[in-house]
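Worksheet for the structure shown next.
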Amino acid sequence: MTGVTRPDSTLTWLSRSKVRELLAQIAGNTGPLTHEILDQLPDGKTLAHLRSILVATNVLPPRDERLTALERWITTTVQNRTDPAERRILHNYAVWHHLRRLRQRLGENHTTRLQDLNVRCHVTAATNFLNWLGDNALTLDTCTQADLDRWITASTSSHRDETSHFLRWAVKYRHAHGLTYTTPYWTAPQGTPDTEKRWTDARRLLHDDTLATSDRVAGLLLLLYAQRIATITHLTIDHVRFHEDRVEITLGTSPIHLPEPLGAMVRRLVSTRRGHAMTGAPDHAPWLFPGGHPGRPISDERLGQRLQDIGLNPQQDRSTALFTLAGELPAAMLARMLGISVKVAVAWQRASSGDWTNYAADVASRKHP
């Protein structure tokens, strides 16, 4: 931990009893320090923070902690099934279907909160439905369409979309037979798109210098370019390119020219960005929005709360942005520039029903009220 920017904070943290106890346990290990050694210690915030320090200072290699926690949760969830047949089915669905697909999508990236939540919801839905079958003296193999319809109409049924996915998988792999339950994959924008509020918020973030630069940039990426919170938190300085006369950011496969003053804000953010970790090495991490743990980006939850604190509604505002952009851009261009699938872009285009070059610049040039 030498070379930290705030040694007094480091010493204060090291003097805490929980930290001393944890370090004593680690010192009792005679072998090399690894993630697996830390995994054997009591889980908690102290261990998580210490691990992030060790990663940030290159004592330990980086590891996808969300994915590791998800794998543990799945293992426990599967092992809790007492019926061997159900355990095998749930294992195949959770591990070979969801986890395998997640790893393929991740590549070298780390799991986002939404990706983690998505897998957990699907596995929970499968578990709940298996529980319901057991409570009604049924199995997937013996469940009929009439039984399924009874579950569908029950007021206590939950995770309906995820359960539909599980049942389609079960029928495909012959764990269930003749069951039909479809739910829509995509729905229209949440609530009524409020384009006037979007413009008002965008103008405010573009011109209000009393707000933190990081909050302004994050909010504008959401309002102007319909970026998810999980995408914004994982942006790095490598996504930004500085030219003599412009700033570009790559959100999909094609770079976007940022209008002024947003371009100037991004320049300032890159040069002044700093996390809030009290310990660890100086902030050499690549994140555009560093977080509270050394070497880690700001969490999705924290950024979402910061945007709410400055008057944004991330889910509704992103929905409005997508709805508006879909009416102004061809689906293929929308997908390339915003990093969404063409299928999703087409769906939004259908819901919305058009010139990109001057789109964001037009917002910046509008007079501030």
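Heads up: the sequence shown at position 201 corresponds to 201 in the UniProt record's numbering, and the numbers run straight through without jumps.
Even for Gly, the Cβ is constructed at its ideal location relative to N, Cα and C.
Bear in mind the structure is a predicted one, so any value in this text is a computation, not a measurement.
Excluding the 5 residues preceding and the 5 following residue i in the sequence, name in chain order all residues of the same chain whose CB lies nearer than 7 Å to its CB.
| i | result |
| --- | --- |
| Trp132 | Trp151 |
| Asp116 | Arg66 and Leu70 |
| Leu22 | Leu41, Thr46, Leu47 and Leu50 |
| Asp194 | Thr320 |
| Cys121 | His159 and Glu162 |
| Ala230 | Thr112, Arg113, Leu114 and Asp300 |
| Val346 | Ala331 |
| Leu167 | Ala176, Leu179 and Tyr181 |
In the DSSP output, what is residue i paired with across the bridge?
| i | result |
| --- | --- |
| Arg241 | Glu248 |
| Thr236 | Trp287 |
| Pro297 | Pro290 |
| Leu258 | Val247 |
Around the C-beta of residue i, are 16 or more other C-beta atoms found within 10 angstroms, so that it is buried, or is it exposed?
| i | result |
| --- | --- |
| Ala212 | exposed |
| Phe289 | buried |
| Ser164 | buried |
| Gly44 | exposed |
| Leu11 | exposed |
| His98 | buried |
| Gln104 | exposed |
| Leu251 | buried |
| Gln349 | buried |
| Asp300 | buried |
| Gly107 | exposed |
| Leu33 | exposed |
| Arg274 | exposed |
| Tyr225 | buried |
| Pro84 | exposed |
| Arg20 | exposed |
| Thr357 | Confidence at Thr357 is low in this model, with a pLDDT of 41, below 50, so the placement of that residue is unreliable and no value is reported for it. |
What's the gap between the Cα of residue i and the Cα of residue j?
| i | j | result |
| --- | --- | --- |
| Gly291 | Leu138 | 48 Å |
| Leu269 | Val240 | 11 Å |
| Gly28 | Pro42 | 15 Å |
| Arg16 | Val59 | 22 Å |
| Leu262 | Ile256 | 12 Å |
| Gln308 | Ser214 | 14 Å |
| Leu148 | Tyr93 | 19 Å |
| Phe323 | Leu220 | 16 Å |
| Ala218 | Leu312 | 11 Å |
| Ser155 | Arg88 | 29 Å |
| Asp208 | Ala202 | 10 Å |
| Asp39 | Leu334 | 43 Å |
| Asp283 | Val119 | At Asp283, the pLDDT of 49 sits below 50, so the modelled position is not reliable; the number obtained from the coordinates is stated separately. Using only the alpha carbons, I get a separation of about 32 Å. |
Output needed for residue i: all residues of its chain with C-beta closer than 8 Å, excluding positions within five of it in sequence on either side, in chain order.
| i | result |
| --- | --- |
| Leu258 | Arg246, Val247, Glu248, Ile249, Val266 and Ala360 |
| Leu90 | Thr77, Val78, Arg81, Val123, Ala126, Thr127 and Leu130 |
| Gly304 | Ile229 and Pro314 |
Please go through the same chain and pick out, in chain order, the residues whose beta-carbon is closer than 6 Å to the beta-carbon of residue i, but skip the five residues on each side of it.
| i | result |
| --- | --- |
| Ile37 | Asn29 |
**Asked** For the stretch 64-114, which segments carrying the alpha helix (DSSP H) assignment without a break, of at least 4 residues, lie completely within its bounds, in sequence order?
**Response** 65-79, 84-91 and 100-106
**Request:** Pick out the complete alpha helix (DSSP H) segments inside the stretch 140-203, 4 residues or longer, and give them in chain order.
**Result:** 145-153 and 160-172
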